[in-house]
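**Q**
2 protein chains.
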Amino acid sequence: MDAFDVTILGCSSATPAFGRFPTSQLVHIAGRFLLVDCGEGAQMQLRRFSIKFQRINHIFISHLHGDHFLGLSGFLSSLHLLGRTDPIHIYGEDVLLDIINTTNKHSRSILQYPVVFHPLEFDKSKLLFEDEKLTVTTIPLKHSIPCCGFLFTEKPRPRKLIKEEIEKYAVPVDQMEKLKAGEDFITVDGKKIANDTLTLPSLPPRQYAYCSDTVYDEEIIPLISKSDLLYHESTFMEDMRDRAKQTMHSTAKDAANIAKKAEVGKLILGHFSARYKDLAPLLAEAKEVFAETYLAEEGKKVSL
Amino acid sequence: MDAFDVTILGCSSATPAFGRFPTSQLVHIAGRFLLVDCGEGAQMQLRRFSIKFQRINHIFISHLHGDHFLGLSGFLSSLHLLGRTDPIHIYGEDVLLDIINTTNKHSRSILQYPVVFHPLEFDKSKLLFEDEKLTVTTIPLKHSIPCCGFLFTEKPRPRKLIKEEIEKYAVPVDQMEKLKAGEDFITVDGKKIANDTLTLPSLPPRQYAYCSDTVYDEEIIPLISKSDLLYHESTFMEDMRDRAKQTMHSTAKDAANIAKKAEVGKLILGHFSARYKDLAPLLAEAKEVFAETYLAEEGKKVSL
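Now the structure itself:
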């Protein structure tokens with residue numbers, strides 16, 4: 001089975017505290033390494049957790065609050081200094097390119113590899129990336145500035161061949177990929193053998209929903225419904241509900257309610273306010289609503 | 305005696321490695337906290353070493369290579385979020401302001417405290433800051449882009465009163481500051497008592513010279529001569545002399561030669577290339593020329 005895992009690089013909200021870094025994650029799906037947000041220090045965290053920089057080809061920036069992108073220029077510079085020549089794809093609000101270019105111009109930095117910039121639209125869910133293993137689509141979020149989450153969805157996986165049946169019907173090797181894709185088999189004498197005689201259903205495609213900064217918003221539920229894993233911000237607890245509303249953030253209970261209503265497999269809480277040294281109360285608040293809740297933590301790797 | 309110390313926040317060159325952060329230091333002189341360069345992650349290092357953000361009123365940026373300033377936007381944002389209202393003074397190349405403003409504009413960040421920007425000139429040594437305790441002047445450096453170091457010099461300290469003599473001549477309290485400043489004393493019957501009868505000489509003013517990124521350049525020697533402490537970059541060792549020349553950096557031996565010729569008290573090496581995991585060979589190379597050499601290290605505090 002292909003790898004599909006998420007490594008937390010930073011889980012702090014606006015200002016770093018208690019050793020927690022600003023938001024950044026590495027999503028790894030079948031050999032694709034995707035950097036999701038890139039807060040200050042993301043490159044130090046990649047080093048710390050021994051993740052090879054040059055494996056990353058795609059960077060997704062949910063919005064332009066500093067705690068989600070201020071590590072980008074340093075990371076791009078390091079890729080250059082380490083000899084990169086392959087293109088890197090960056091997905092973000094259009095004006096992010098102005099920040100990158102202004103910084104590089106005044107640093108007199110000319111990156112020796114191409115930056116392919118993909119401006120995001122925030123009004124509805126869009127497909128950003130697709131290959132034979134996965135798709136990445138946006139999740140429109142409601143925050144104080146244009147913001148979206150990202151949905152990482154595995155492509156349907158091949159059906160499993162039933163060895164004894166394959167042998168019994170003498171299926172030629174060149175037909176096997178078609179069987180895995182769900183086609184029926186026609187024998188040399190023209191007889192049709194139904195696909196489900198020869199194969200077992202594949203496991204359902206896995207899905208990870210990343211919701212960076214958002215108010216409580218049930219409109220996202222259809223998009224993230226039944227995801228195996230949901231990361232949902234929980235900057236505050238319920239006793240700070242007014243502050244959450246004012247700053248367009250969520251509470252731990254909000255995140256749990258979304259997880260419950262979307263019937264996801266697991267919930268990871270993150271984007272913790274610097275007011276919380278101890279995160280156990282946030283976890284407890286969410287678990288009252290949704291038992292399968294976990295705390296984000298620098299270096300934590302969650303496999304789907 | 306007033307405090308005068310330097311805390312290393314980061315000592316890596318262009319790309320962070322082996323837990324070493326990009327360049328940043330905190331200079332503390334008699335209650336003034338000065339941030340000197342502000343590489344990515346400087347604010348995390350301040351947190352790590354329990355240094356209060358809001359005590360810092362002045363930030364000096366030697367040049368606009370990313371490893372010396374990419375932590376600035378994050379730090380300014382945190383000051384804002386932590387409720388700062390006092391002005392902050394930033395000294396840097398004029399275009400640094402364009403980077404700060406572009407980043408803030410696209411982040412929709414409006415800092416609630418004033419940023420007072422002081423553009424640097426790089427052609428000759430200039431006075432940047434002066435108060436009753438210290439002066440800060442630039443040290444023009446030769447690097448691939450406009451760059452300067454900074455010289456932190458204590459103001460002449462007061463002479464020490466000799467208690468017995470003060471009592472003997474019945475010096476009134478309101479005359480004591482004049483004596484400390486070096487003036488003679490006139491008794492009520494008009495007799496002049498020489499200052500050095502009543503006071504002992506003060507200790508000489510202390511001085512710290514910070515030379516961030518530079519080729520080997522003897523022109524700086526008169527400026528930094530006899531400083532108590534010199535920080536001088538040593539990106540490479542002698543076996544990489546060609547690379548040092550090409551990138552306009554120094555070797556450990558270069559730094560030691562400058563320290564020796566300038567007759568400084570102590571030398572701190574820093575700005576280490578990511579090629580060196582073990583820094584002991586750099587220290588050994590420098591110590592052959594200048595015995596009082598030490599390695600920069602995250603969290604190290606050197607008192608003058």
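Residue numbers (my numbering), protein chains in the order written: chain A, 1 to 304; chain B, 305 to 608.
Glycine included, each C-beta is placed from N, C-alpha and C at the ideal position.
Everything numeric in this text was worked out from a predicted model, so none of it was measured.
1. Looking at the strands, I want to know which residues DSSP matches up with F540/B.
2. Answer yes or no: does any C-beta atom of chain A fall closer than 7 angstroms to that of V419/B?
3. Which bits of chain A does V399/B rub up against, with CB to CB less than 7 angstroms?
4. Helix, strand or coil: which one does DSSP assign to A578/B?
5. Quick check: the Cα distance between N257/A and E219/A, rounded to an integer number of angstroms?
6. Tell me, please, whether the segment 463-473 of chain B touches the segment 444-453 of chain B by the rule of three or more beta-carbon pairs shorter than 8 angstroms.
7. Does any residue of chain A bring its CB to less than 7 angstroms from the CB of M348/B?
8. Could you name the residues of the same chain whose beta carbon sits closer than 7 angstroms to that of G182/A, not counting the 5 residues immediately before and after it, in chain order?
9. Quick one: list the residues of chain B neighbouring A17/A, beta-carbon separation under 9 angstroms, in chain order.
10. Please list, in chain order, the residues of the segment 354-380 of chain B that have any C-beta partner in chain A closer than 7 angstroms.
11. Please report the residue range of the alpha helix (DSSP H) in which H106/A lies.
12. Examine chain C for any beta-carbon lying closer than 7 angstroms to the beta-carbon of A14/A, and answer yes or no.
13. Taking T407/B as the query, report the chain A residues whose CB atoms sit under 7 angstroms from its CB, ordered along the chain.
14. Who does S271/B pair with in a DSSP beta bridge?
15. Can you name, in chain order, every residue of its own chain whose Cβ lies under 7 angstroms from the Cβ of K126/A, other than the five neighbours on each side?
16. Please report the straight-line C-alpha distance between S381/B and D98/A, rounded to a whole angstrom.
17. L81/A and C38/A - do their beta-carbons sit closer together than 7 angstroms?
18. So, for T187/A: in the same chain, excluding its five sequence neighbours on each side, which residues have a beta-carbon less than 7 angstroms away from its beta-carbon?
19. Counting only Cβ pairs nearer than 9 angstroms, list the residues of chain B close to L82/A.
20. The beta strand (DSSP E) spanning A513/B covers which residue range?
21. Who pairs with T199/A in a beta bridge, going by DSSP?
22. Can you pull out the residues from the segment 140-159 of chain A whose beta carbon lies closer than 8 angstroms to at least one beta carbon of chain B?
23. From C452/B to S212/A, what distance separates their C-alpha atoms?
24. To the nearest angstrom, how far is it from the Cα of R84/A to the Cα of L400/B?
25. Under 8 angstroms Cβ-Cβ, which residues of chain B neighbour F21/A?
26. Output the boundary residues of the beta strand (DSSP E) element that contains S77/A.
27. I'd like to confirm the pairing. Which residues does DSSP put opposite E589/B in its beta bridges?
28. With 16 as the cutoff for other CB atoms within 10 Å, does M305/B come out buried or exposed?
29. Using three-state DSSP, classify A17/A as helix, strand or coil.
30. From L203/A to L383/B, what does the alpha carbon distance come to, in whole angstroms?
31. Can you tell me which of A209/A, E177/A, M237/A and G92/A puts its alpha carbon nearest to the alpha carbon of T199/A?
32. Grab the span of the beta strand (DSSP E) containing P418/B for me, first residue to last.
33. For the segment 282-294 of chain A and the segment 307-324 of chain B, state whether three or more C-beta atom pairs, one from each stretch, are separated by less than 8 angstroms.
34. Under 7 angstroms between C-beta atoms, does E344/B make it to chain A?
35. List, in order along the chain, the chain A residues whose C-beta lies closer than 7 angstroms to that of S382/B?
36. What does DSSP give as the partner residue(s) for L223/A in the beta ladder?
**A** Result, derived from the coordinates:
1. In the second sequence, counting from the first residue as 1, residue 540/B sits at position 236. According to DSSP, F540/B bridges with T555/B.
2. In the second sequence, counting from the first residue as 1, residue 419/B sits at position 115. Interface residue (Cβ-Cβ distance to chain A less than 7 angstroms): V419/B is not classified as such.
3. Here residue 399/B corresponds to residue number 95 of the second sequence, with the count starting at 1. Under the 7 angstroms cutoff, chain A gives H106.
4. On the second sequence, residue 578/B is found 274 positions in, with the first residue counted as 1. Looking at A578/B - three-state DSSP - the assignment turns out to be coil, as it is neither helix nor strand.
5. As a first step, residue 257/A must be located in the first sequence, where it is residue number 257. As a first step, residue 219/A must be located in the first sequence, where it is residue number 219. The alpha-carbon atoms of N257/A and E219/A are separated by roughly 13 angstroms.
6. no
7. Reading the second sequence from its first residue, position 44 is the one you call residue 348/B. Nearest CB-CB separation between M348/B and chain A: below the 7 angstroms threshold.
8. Sequence index remark: in the first sequence, residue 182/A carries index 182 (1-based). If we look at G182/A and ignore the five residues flanking it on each side, its Cβ neighbours are R159 and N195.
9. Looking up residue 17/A in the first sequence gives position 17. Going along chain B in sequence order, the residues near A17/A (Cβ under 9 angstroms) are R351.
10. L368, H369, G370, L374, G375, S377 and G378
11. By 1-based counting over the first sequence, the position of residue 106/A is 106. L96 to H106 is the extent of the alpha helix (DSSP H) around H106/A.
12. Reference to chain C is not applicable here, since the protein chains of this structure are A and B.
13. Here residue 407/B is taken as the residue at index 103 of the second sequence, counted from 1. What T407/B touches in chain A: I99.
14. Residue 271/B is absent from the structure shown; chain B starts at 305 and stops at 608.
15. Taking the first sequence and counting its residues from 1, the one referred to as residue 126/A is at position 126. T137 and T138.
16. The residue labelled residue 381/B in the question sits at position 77 within the second sequence. The residue labelled residue 98/A in the question sits at position 98 within the first sequence. Each residue's Cα considered, the two are about 19 angstroms apart.
17. Counted from its first residue, the first sequence places residue 38/A at position 38. Counted from its first residue, the first sequence places residue 81/A at position 81. No, Cβ-Cβ distance for C38/A and L81/A is not below 7 angstroms.
18. In the first sequence, counting from the first residue as 1, residue 187/A sits at position 187. Contacts found: Y169 and I193.
19. The sequence position of residue 82/A within the first sequence is 82, counting from 1. The contacting residues are T319 and A578.
20. As a first step, residue 513/B is located in the second sequence; it is residue number 209 there, counting from the start. Counting along the chain, A513/B sits inside the beta strand (DSSP E) bounded by residues Q511 to C515.
21. Sequence index remark: in the first sequence, residue 199/A carries index 199 (1-based). Answer by DSSP bridge pairing, in chain order: L161/A.
22. S144 and I145
23. On the second sequence, position 148 is the one that residue 452/B refers to. On the first sequence, position 212 is the one that residue 212/A refers to. Looking at the two C-alpha atoms, the distance is approximately 40 angstroms.
24. As a working note, residue 84/A is residue 84 in the first sequence. As a working note, residue 400/B is residue 96 in the second sequence. Approximately 27 angstroms between the Cα atoms of the pair.
25. Your numbering for residue 21/A matches position 21 in the first sequence. Residues of chain B with a Cβ closer than 8 angstroms to the Cβ of F21/A are, in chain order, M348.
26. Looking up residue 77/A in the first sequence gives position 77. From DSSP, S77/A is part of no beta strand (DSSP E) but of the alpha helix (DSSP H) over L72 to L81.
27. Taking the second sequence and counting its residues from 1, the one referred to as residue 589/B is at position 285. For E589/B, DSSP assigns no beta-bridge partner whatsoever.
28. On the second sequence, position 1 is the one that residue 305/B refers to. So M305/B counts as exposed.
29. As a first step, residue 17/A must be located in the first sequence, where it is residue number 17. Strand, per DSSP.
30. Locating residue 203/A in the first sequence gives position 203, where the first residue counts as 1. Locating residue 383/B in the second sequence gives position 79, where the first residue counts as 1. Going by the C-alpha atoms only, they are around 49 angstroms apart.
31. The residue you call residue 199/A lines up with position 199 of the first sequence. With distances taken between Cα atoms, T199/A lies closest to E177/A.
32. Taking the first residue of the second sequence as 1, we reach residue 418/B at position 114. First-last for P418/B: undefined, no H or E at that position.
33. no
34. For the purposes of this step, residue 344/B is taken as the residue at position 40 of the second sequence. So yes, E344/B belongs to the interface.
35. For the purposes of this step, residue 382/B is taken as residue 78 along the second sequence, with counting starting at 1. Per Cβ cutoff of 7 angstroms: T15.
36. To locate residue 223/A, count along the first sequence from 1; it is residue 223. Its beta-bridge partners do not exist; DSSP assigns none.
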